[in-house]
Amino acid sequence: MAHYNITYSCGHEERIELFGKVSGRESRIEWLETQMCRACKAAQDSEGLPKLSGTEKQTAWAARIRRTFLDQTESQLGHVILTNPQAAEAANELLNLVKDSINEQTSAAWWIDNRDRLEPEFAKMAMAKREVSKQAD
């Protein structure tokens with residue numbers, strides 16, 4: 026039995042207790058470090074966001090990118106909704122369009138490759154969705 030400090034792929038740390046052979050403990054530690062901590066995994070599962078496809082490391086990284094982007098977007102548009110009642114309806118519509126587009130992006134590689142240009146990418150997607158819905162009306 027021994028205690029180990031684990032740094033999960035989400036960046037959180039935890040002190041755990043492992044039993045068994047040293048080689049078994051070492052491989053368990055390596056595997057745990059590719060996983061998200063329990064809290065992050067539970068938060069991701071409860072958010073209703075679709076599962077990302079890719080390797081374990083890719084999906085953990087992409088999930089952090091996606092969560093950060095969604096939090097920032099909700100914060101920015103939430104501020105607009107609260108401070109500018111005239112723009113509230115449009116901001117709310119934009120937020121819903123962005124959330125729909127986020128749910129459609131399930132490739133971890135896409136999130137990683139586009140991490141530095143998420144705002145313009147999702148703005149384009151939201152505007153395209155808006156045009157399609159206008160044409161359908």
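Read in order, the letters of the sequence shown are residues 26 to 162 in our numbering. Positions of the beta carbon are idealized from the N, C-alpha and C atoms, including for glycine.
Let's see if you can read the secondary structure: which residues bound the alpha helix (DSSP H) around threonine 32? Segment 27 to 32 is the beta strand (DSSP E) holding threonine 32; no alpha helix (DSSP H) there.
Per DSSP, the bridge partner or partners of serine 132: When DSSP reads this structure, serine 132 sits in a beta bridge with Ser78.
Please state whether the Cβ-Cβ distance between alanine 88 and isoleucine 137 is less than 7 Å. No, they are not a contact pair.
Tell me which same chain residues have a C-beta within less than 7 Å of the C-beta of aspartate 125, skipping the five on either side of it? Only Lys154 meet the Cβ criterion.
Following the continuous alpha helix (DSSP H) through arginine 50, name the residue where it begins and the one where it ends. Per DSSP, arginine 50 belongs to the alpha helix (DSSP H) from 47 to 57.
Can you tell me whether DSSP reads arginine 40 as helix, strand or coil? Strand, per DSSP.
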